[in-house]
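Oh and the sequence shown: position 197 is 197 in full-length UniProt numbering, straight run, nothing missing.
From the three backbone atoms N, C-alpha and C, an ideal C-beta is built for every residue, glycine too.
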Amino acid sequence: MDKLPRAADMLKKLPKAREVIKKLPKLPDFPDPPDLKKFITNKLKYNPDVSAIQPGIPPFCDGLILSPEDSFLREVCRKLVGVDVCYDGLGCFTTDPPWSLTLERPIASLPRPPDEIQVQFLLRTRNTPSTGVFLRAGDRAALAASDFIGSRPTKFITHGFIENGFVDWITEMSQEILRADDCNVIAVDWGSNGGSMFPYTQATANTQIVGAIVAQMVAFLMQETGNSASSYHLIGHSLGSHTMGYAGMRIPGLGRITGLDPAEPYFQGTDPMIRLDPTDAELVDIIHSDGGFFFTSLGYGMYDPTGHLDFYPNGGIEMPGCDEGLTTYIDMNGGVYEGGREYVACNHLKAISYFHDSINSICPMMAYPCRDYDRFEDGHCLDCSQGGCAQMGYHADKYKPAPGVTNLKYYLDTAARSPTCLYHYQIMITLGTDRDAEELDGFLHLSFVTQTGTVTEYYKLTEDPIKLQPGNSYLYFLKLPTNLGNLQRVRFLWDYDWSIVNPGTWFIFSRPKIWMDQIQVMVGESQNRMTFCAFNNYFVEDVSSDLRVC
């Protein structure tokens, strides 16, 4: 709502208005420029709620309810607000700043006409998960013949640059959502007729009109079924994220928008009206997976926070599993096109994979608030008692930030291949003290014994030798694909680091040993803390020792 022009904005442009009016044909009943302010004040009965909730009434200019000289004043209005093209039922669009002539958007195009883009809506339900039924705003017969049920939640999913609404990932995500929930899932296609194709500047412009058409469809469904805007969830990848933002700005009370790595070029650093932002829905959650700067590292996605909840898996820039060669990707994906696509945009596509995996995963994809990724990787941010943790992906709406709170940054780690969800473990090892204890260099290893008696492999906590000082504590961070649950005990092992060329590191008549006080294990996902005590016993190098819960 805040993005729509207000009457006050028009009044501020009166000097420009007078210049515009001088160039327009005069009407006998239209006042002279000196009286324009009074005329607008008396005649301008713009209702922002009506114009916003009904995409059929274009914002501001075509939302004016005036006397017979409407057409003349609307023309003045369009000139004032920089409108360059208007489409019935969708509103007006411009290339005036901030849409162009800025550092982020040096040039811009107007969107192509809707009859050229030909946006399509394919409805899938549990009755038609594979085939689906096409819907169109205003087509009551098609809606009545479909399986659309207004009492169910509704999800819209759309694609980004050089894709269409019938790509495999949209079909698979739709079906995965239907496995989880009995809902309406609508795929939005704006690429089959070239709307998402080159040049990129044209595709970015087209997102505006596609967003308006999505809003028009939502308004139609609300009108016909009586459901509320809060029951709608819009999901978009790359350019599709901003497309859904344009839809959201026209739908007051929209429940949720999920941005899957929103496109960076032409959007990062722009005015909020240009890009997806927290005002576009009651909840805006973002997955950042390719946030490197475009001009230096070809990062296609935004790094800047742009939602209520911003998730940065693996730091949000480089994703695990994205360092393979082209032939590997071709083999993995079963084709040259699919493999080449992943080779070029692997990080960018990972946001889709993470969201897909999150839908029916037993592993919750829990993410943790933290100052930055480095601190998170040091193991400092698993405590959820302060700011609260949130689940990345489909179930992000289980956590609602306080009113007015936006740009909350969350971190987590993922696996390289699906299933990508990992469990996070914080390990705190506290050494004991003894009169015979001395500082030694070594490597630390830890194994876990579950309640069922399962013994895990040894996990190496230190890649490089560390100085083991009596009485000190050492913090480590493990990410594992399995939930270990409550533990019976932990199994500790350490290796002494000695050098054949340094006699000072030799132990000739004894074996090196360290004293242990306790090991604490915290499970991020459950927030469960377990303490295993050694009661200041010593541990000989290369000898496994068990510590039990104390």
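Asked: Boundaries of the beta strand (DSSP E) in which Asp-310 is found, first to last residue; Found: 309 to 313
Asked: Sheet register partners of Asp-546 (DSSP bridge); Found: Arg-491
Asked: Neighbour-count burial assignment, Leu-103, 16 or more Cβ in a 10 Å radius; Found: exposed
Asked: Residue environment, Ser-241, which counts as buried when at least 16 other CB atoms sit within 10 Å; Found: buried
Asked: Euclidean distance between Cα positions of Lys-23 and Ala-351; Found: Bear in mind that a pLDDT of 44 at Lys-23, under 50, signals an unreliable position, so the model cannot answer this.
Asked: Status (buried if at least 16 other CB within 10 Å, exposed otherwise) for Pro-113; Found: exposed
Asked: According to DSSP, residues forming a beta bridge with Thr-414; Found: Cys-421
Asked: Segment limits, alpha helix (DSSP H) that includes residue 596; Found: The shown model of the chain, from 1 to 550, leaves out residue 596, and the question about it has no answer.
Asked: Range covered by the alpha helix (DSSP H) that runs through residue 575; Found: No statement about residue 575 is possible, as the shown extent of the chain runs from 1 to 550 and does not include it.
Asked: Within 8 Å, strictly: CB atoms of Gly-301 and Pro-252; Found: no
Asked: Simplified DSSP assignment, three categories, for Phe-198; Found: coil
Asked: For Gly-191 and Ala-367, the rounded distance between their alpha carbons; Found: 33 Å
Asked: Cβ shell of Cys-389 (< 6 Å), same chain only, five flanking positions each side left out; Found: Met-366 and Tyr-368
Asked: Asn-407 versus Asp-310: straight-line alpha-carbon distance, rounded; Found: 6 Å
Asked: Beta-carbon separation (whole angstroms), Tyr-354 vs Met-392, contact threshold 8 Å; Found: 6 Å
Asked: Bridge partners - Thr-154, DSSP secondary structure assignment; Found: Asn-184 and Tyr-232
Asked: The alpha helix (DSSP H) enclosing His-242, as first and last residue numbers; Found: 239 to 248
Asked: 8 Å contact criterion, which Gly-307 and Pro-278 should meet: CB distance rounded; Found: 6 Å
Asked: Endpoints, the alpha helix (DSSP H) within which Pro-369 is located; Found: Counting along the chain, Pro-369 falls outside any alpha helix (DSSP H), though it belongs to the beta strand (DSSP E) covering 366 to 369.
Asked: 6 Å Cβ shell around Ile-170 - same chain, five flanking residues per side excluded; Found: Ile-157 and Ala-187
Asked: Start-to-end residues for the alpha helix (DSSP H) that takes in Phe-376; Found: 373 to 377
Asked: Residue from Arg-126, Pro-512 and Gln-120 whose Cα sits closest to the Cα of Phe-134; Found: Gln-120
Asked: Expected contact under 8 Å - CB spacing of Ser-231 and Thr-154 to nearest Å; Found: 6 Å
Asked: CB of Gly-195 within 8 Å of CB of Val-218, strictly; Found: no
Asked: Three-way DSSP call (helix, strand, coil) for Ile-359 in this model; Found: helix
Asked: Contacting residues, own chain, Cβ-Cβ under 6 Å from Pro-265 (five flanking each side not counted); Found: Phe-294
Asked: Ile-117 - containing alpha helix (DSSP H), residue span; Found: 114 to 117
Asked: The segment 456 to 467 / the segment 521 to 540 touching (three or more Cβ pairs under 8 Å); Found: no
Asked: Between the CA atoms of Ala-205 and Glu-172 - distance to the nearest angstrom; Found: 28 Å
Asked: Rounded C-alpha distance that separates Thr-94 from Ala-108; Found: 9 Å
Asked: Three-way DSSP call (helix, strand, coil) for Asp-441 in this model; Found: strand
Asked: Opposing strand residues paired with Trp-515 [DSSP bridges]; Found: Tyr-538
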